[in-house]
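Throughout, my numbering is defined as the position within the sequence shown, counted from one, plus 29.
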Amino acid sequence: QSSYENILVEDSQKPGVALIRLNRPKALNALSSALFVELNDALKNCEEDPEVGAIVLTGSDKAFAAGADIKEMASLSFADAYTNNFIASWSYMSSIRTPVIAAVSGHALGGGCELAMMCDILYATKTANFGQPEIKLGTIPGAGGSQRLTKAIGKSKAMELILTGNNYSGEQAERDGLVAKAVEGGNKEVVDLALTTAAKIASYSRVAVTAAKEVVNKSQDLGIREGVEYERRIFHSLFGSQDQKIGMKAFTEKQKPKWSHS
Ligand code: CO8
30 QSSYENILVE DSQKPGVALI RLNRPKALNA LSSALFVELN DALKNCEEDP EVGAIVLTGS
90 DKAFAAGADI KEMASLSFAD AYTNNFIASW SYMSSIRTPV IAAVSGHALG GGCELAMMCD
150 ILYATKTANF GQPEIKLGTI PGAGGSQRLT KAIGKSKAME LILTGNNYSG EQAERDGLVA
210 KAVEGGNKEV VDLALTTAAK IASYSRVAVT AAKEVVNKSQ DLGIREGVEY ERRIFHSLFG
270 SQDQKIGMKA FTEKQKPKWS HS
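(1) With distances taken Cα to Cα, identify the nearest neighbour of A181 among C142, G171, K165.
(2) Can we say the region 195–203 touches the region 167–175, given the rule of at least three CB pairs closer than 8 Å?
(3) For R90, is the beta carbon positioned less than 8 Å from some heavy atom of ligand 1?
(4) Using DSSP with H/G/I as helix, E/B as strand and the rest coil, what is F159?
(5) May I have the straight-line CA-CA distance separating A56 from G88, to the nearest angstrom?
(6) Opposite I263 in the DSSP bridges: which residues?
(7) Quick check on this structure: which residue in H265, Q284, S291, E258 has the alpha carbon closest to the alpha carbon of Q305?
(8) Give me the Cα-Cα distance between R177 and F115, rounded to the nearest whole angstrom.
(9) Compare the C-alpha of H136 against each of K217, G160, V208 and name the closest.
(10) Taking DSSP as the reference, what is the three-state secondary structure of S118?
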């Protein structure tokens, strides 16, 4: 952990919550291959740690991340990008089962915006600066931006942002539903909010939380009928968990549940 050079794994001071901070201050947290090796390693460690029930990912006051590292990409050829499947491993975030909250202050541009959108819940400062400026560099979003932004705010608004490269504030992102909440203040304020929510999530049954995340994510891929059927199957399966028995028994006995996470 201490050997990371591009990220920090900090003590969140909240039970069950891991706090990961992107930390390349000189490059406004530009996302490089080296950074993703470390981030993916930290995420994997969190997933494997039974103590961790939720993760907060943040940057600094100035930047969540100002995009993929342009200096690293500038001379890349098509053949290299294609044959090495450039940035495929950068989407590891979208496949982990532990809930992740992005706490965004400052710039979240290009790949930074895409990384934030891979997280399960987005919080931001009102002045956070989202955007997909790839068009200004002669390219397009490459880590799901065109898909996730469109799902989140609709085709017309997403098209406008992606075709113009315009800036998009945290305040506007909250109004459009990209961001769950936009707060006054800076990184500290948005991280505090994210840690509070993460601690709440981490206090519930890991089995139920994992199932809840899974069924919400399925809604992105399935039609409503298949999605509702999928949800019902997972709901049925939770009657096989200890924690459903523990949760409902505690309710009827007016006690606080003590989750077994099984
Ligand atoms: N890549 C590399 N270096 C960067 C990046 C970046 N994306 N952004 C900023 N930096 C560096 C600058 O080069 C500068 O370094 P130096 O001091 O050595 O010149 C340092 O960070 C500070 O930046 P500025 O001096 O430019 O700071 P300002 O406050 O003047 O401006 C901006 C801040 C507006 C954010 C500006 O830095 C900027 O426009 N950055 C580029 C934003 C951008 O175009 N991002 C999209 C990149 S393309 C992309 O992300 C493709 C996605 C592919 C998939 C990703 C998967 C997750």
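The beta carbon of each residue, even a glycine, is placed where N, CA and C say it ideally should be. In this text, all values refer to a predicted model and were calculated from it rather than measured experimentally.
Considering the structure as presented:
(1) Position 152 of the sequence shown, counted from the start, is the residue given in the question as residue 181. Ranking the options by Cα distance to A181, first place goes to C142.
(2) no
(3) By one-based count along the sequence shown, residue 90 stands at place 61. The amino acid at residue 90 is misidentified as Arg; the sequence shows Asp. Distances between the C-beta of D90 and the heavy atoms of ligand 1 are all 8 Å or more.
(4) Residue mapping note: residue 159 aligns to position 130 of the sequence shown, counting from 1. Strand.
(5) Position 27 of the sequence shown, counting from 1, holds the residue named residue 56. Position 59 of the sequence shown, counting from 1, holds the residue named residue 88. Cα-Cα distance, rounded: 12 Å.
(6) Within the sequence shown, the letter at position 234 stands for residue 263. Per DSSP, none; premise fails for I263.
(7) Because the chain in this structure spans residues 30 to 291, residue 305 falls outside the shown range and cannot be described.
(8) Start at 1 with the first residue of the sequence shown, and residue 177 comes out as number 148. Start at 1 with the first residue of the sequence shown, and residue 115 comes out as number 86. Those two C-alpha atoms are separated by around 19 Å.
(9) Position 107 of the sequence shown, counted from the start, is the residue given in the question as residue 136. Comparing Cα positions, the closest option is G160.
(10) The sequence position of residue 118 within the sequence shown is 89, counting from 1. Of the three classes helix, strand and coil, the one that applies to S118 here is helix, per DSSP.
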